[in-house]
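In the working numbering, the protein residues as written are 686 to 852.
Everything below concerns the one structure shown next.
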Amino acid sequence: MELTGELKDAFNTQVTMELKAAVVYRQLSIDMEALDLPGIASWFKAQSAEEEVHADKFITHMLDRDATPLLGNIEAQTQHVTTVLDAFEASLAHEKKVSEAIRGLYRLAQSTGDIDAFPLLNWFVDEQIEEEATVSTIISRIKLIGDDGNGLLRLDAELGGRDSSES
């Protein structure tokens, strides 16, 4: 089934949102590198790469359905964070925004009767639940650590061990 109309436009918007997310995460990676936290920086860099994979999933779906994706404007990320907690809170806020966008796509696919979009959107619903849960857990741990430098360095080492093939 060819992807057309409002759902095609919404998928184009989502591709752009996923690529914007990659930029957001790349900036967070840079900010954590500036704080001399290479493990956390690496985690955010891997997250940036994962967002590009997400954009590619939408692009492939569109191309498979005879729709040519059209990228929208991707503005430069100008928000900088200066603490690990701020970085992960920004991450969680962004993931919640993406989750709502995915739910909107799902509702649109339902209302237009586009059942061919469901497998892709089901994958993203599951992915967003996992993303929010992961970041929420990290935030809880950061709050437990508080001002303990040793705890922060341990978290930095742990997050730096993230497998970059996770996506």
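Every residue gets a Cβ at the ideal spot worked out from N, C-alpha and C, and that includes glycine.
All values reported here derive from a predicted model rather than from experimental measurement.
| query | result |
| --- | --- |
| Given Asn697, which residues of its chain have a CB within under 8 Å of its CB, disregarding the five upstream and five downstream residues? | Met747, Pro754, Leu755, Leu756 and Gly757 |
| For the alpha helix (DSSP H) containing Arg792, list its first residue and its last residue. | Val769 to Thr797 |
| Under a Cβ-count criterion, where at least 16 other Cβ atoms within 10 Å of its own Cβ denotes burial, should Ala726 be classed as buried or exposed? | buried |
| Looking only at its own chain, which residues have a Cβ that is under 8 Å from the Cβ of Ala695, when we skip the five neighbours before and after it? | Gly789, Leu790 and Leu793 |
| Please specify which runs of the alpha helix (DSSP H), each continuous and at least 4 residues long, are wholly inside the region 703-750, giving them in chain order. | 723-749 |
| In its own chain, which residues sit with a C-beta less than 8 Å from the C-beta of Arg847, not counting the 5 before and 5 after it? | Ser727, Trp728 and Ala731 |
| How far does the alpha helix (DSSP H) with Leu829 in it extend, from its first residue to its last? | Phe803 to Ile830 |
| Flag this pair as yes or no: are the beta carbons of Leu713 and Ala740 separated by less than 7 Å? | no |
| So, does the region 839-846 touch the region 714-724, judging by three or more C-beta pairs under 8 Å? | yes |
| Excluding sequence positions up to five away, which residues of its chain have a Cβ less than 6 Å from the Cβ of Ala707? | Ser733, Glu736 and Glu737 |
| Does the beta-carbon of Leu829 have 16 or more other beta-carbons within 10 angstroms, so that it is buried, or is it exposed? | exposed |
| In three-state terms, what does DSSP make of Leu837? | helix |
| Are the Cβ atoms of Leu806 and Arg750 separated by less than 7 Å? | no |
| Please report how far the alpha carbon of Ser784 lies from the alpha carbon of Ile814, in whole angstroms. | 8 Å |
| Decide if Ala802 is buried, meaning its Cβ has at least 16 other Cβ atoms within 10 Å, or exposed. | buried |
| Taking the alpha carbon of Ile824 as the reference point, which residue from Gly831, Met702 and Phe773 has its own alpha carbon closest? | Phe773 |
| Just the Cα atoms here: how many angstroms apart are Leu692 and Thr768? | 39 Å |
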